[in-house]
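Residue numbers for the sequence shown follow the working numbering, beginning at 11 and rising by one.
Backbone N, C-alpha and C define an ideal beta-carbon position, used for all residues, glycine too.
Data first, discussion second: the structure below is written as structure tokens.
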Amino acid sequence: MRAAWIAIVLAGGCAGDDGGTVPDDLVGGIEIEEGELGDPIGVVASIYARFEARGEPDVIDDGTCRVYPWPCLGQVGACASPPGYSAGPIALTGLRAPVTLRPGGTSHAYPSPSGLPADLFADAATVTATAAGDQVAGFELTVAGVAPLVSPYVDAPLGLVPGQPLPLTWTAVGGDARIELKVNWADICHAGARWFVLTCETADTGAFTVPAAITAALPTGFGPCGARLARVRHATVPGKDIALTVVNADYFGFF
Numbered sequence: 011m012r013a014a015w016i017a018i019v020l021a022g023g024c025a026g027d028d029g030g031t032v033p034d035d036l037v038g039g040i041e042i043e044e045g046e047l048g049d050p051i052g053v054v055a056s057i058y059a060r061f062e063a064r065g066e067p068d069v070i071d072d073g074t075c076r077v078y079p080w081p082c083l084g085q086v087g088a089c090a091s092p093p094g095y096s097a098g099p100i101a102l103t104g105l106r107a108p109v110t111l112r113p114g115g116t117s118h119a120y121p122s123p124s125g126l127p128a129d130l131f132a133d134a135a136t137v138t139a140t141a142a143g144d145q146v147a148g149f150e151l152t153v154a155g156v157a158p159l160v161s162p163y164v165d166a167p168l169g170l171v172p173g174q175p176l177p178l179t180w181t182a183v184g185g186d187a188r189i190e191l192k193v194n195w196a197d198i199c200h201a202g203a204r205w206f207v208l209t210c211e212t213a214d215t216g217a218f219t220v221p222a223a224i225t226a227a228l229p230t231g232f233g234p235c236g237a238r239l240a241r242v243r244h245a246t247v248p249g250k251d252i253a254l255t256v257v258n259a260d261y262f263g264f265f
């Protein structure tokens, strides 16, 4: 279950046909991650890209944290939306070895390449993504690497209770990197369930508390289906909600 959840979250949704019409307001991008999954898996690397129409409105957004519904999650192939769109081949440089992502089939999802080294990028790497363009206009983005995240959470329970604050701590390194929390919250951790996502992004200060008003937006009677705390950097296409993100994450909250 854990590996499947990670793949879907990083890919950004389920497979789906584009229906022949490309929306004006596409969102998404490329995510390059080193992730600590705990025993027995350890550190693994992944690279995903996806471009899709903007989803449902947020349940709540305070400028740092937000909660939004994700109607198409669960196991791959279990649903037919949201549609994905192609940006053509995407060349990535600045990693331990160059990588080219290619969209697949009618879903236009970009699966993670096999055989990636766990140490995918140097802390001070300069990573560039160059998309040739297709249904999504071509672009080039460059972002710096991030240092490994050190936290007490790998393989730990999430400890989130709707309506109560959720304190988080980690070893800060400062600088302009950000810290991101992402939580999957569902009535059952399986395809066809009702899902919500809580996400927060804050400065790399070593501590942050998710406000009670944010956790209160999560339905009671649901529970965690995996969470990650990550150090991230983004570069964004001007005027678009399309980004290149470099991530070093700890995964937890699967029970």
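Assuming residue i and residue j are in contact, meaning their beta carbons sit under 8 Å apart, how far apart are those beta carbons, in whole angstroms?
i	j	result
residue 220	residue 176	4 Å
residue 43	residue 259	6 Å
residue 60	residue 94	6 Å
residue 164	residue 58	Not quite, the Cβ-Cβ distance comes to about 21 Å (not below 8 Å), so this is no contact.
Measure the Cβ-Cβ separation of residue i and residue j and say whether it is below 8 Å.
i	j	result
residue 263	residue 168	yes
residue 134	residue 104	no
residue 110	residue 210	no
residue 279	residue 237	One cannot answer for residue 279 here, as it falls past the ends of the chain, which runs 11 to 265.
residue 206	residue 32	no
residue 1	residue 139	Any answer about residue 1 is impossible in this case: the structure gives the chain only from 11 up to 265.
residue 254	residue 39	yes
residue 160	residue 256	no
residue 69	residue 79	yes
residue 36	residue 193	no
Classify residue i: buried if its beta carbon has 16 or more other beta carbons within 10 angstroms, exposed otherwise.
i	result
residue 223	exposed
residue 200	exposed
residue 100	buried
residue 214	buried
residue 113	buried
residue 171	exposed
residue 66	exposed
residue 124	exposed
residue 52	exposed
residue 252	buried
residue 115	exposed
Identify which residue in the options has its Cα closest to the Cα of residue i.
i	options	result
residue 148	45, 256 and 250	250
residue 185	211, 156, 32 and 165	156
residue 218	179, 35 and 32	179
residue 173	198, 226 and 194	226
residue 166	123, 234, 69 and 255	234
residue 108	247, 126 and 248	126
residue 117	197, 96 and 106	96
residue 181	216, 248, 195 and 121	216
Does the beta carbon of residue i fall short of 7 Å from some heavy atom of the ligand ADP?
i	result
residue 211	In the structure on display, the ligand ADP does not appear, and there are no ligands present to speak of.
(message) When you compare the segment 230-242 with the segment 180-199, are there three or more beta-carbon pairs, one atom per stretch, that lie closer than 8 Å?
(response) Short answer: they touch.
(request) Flag this pair as touching only if the segment 117-134 and the segment 227-241 have three or more C-beta atom pairs under 8 Å; answer yes or no. (result) Segments in contact, no.
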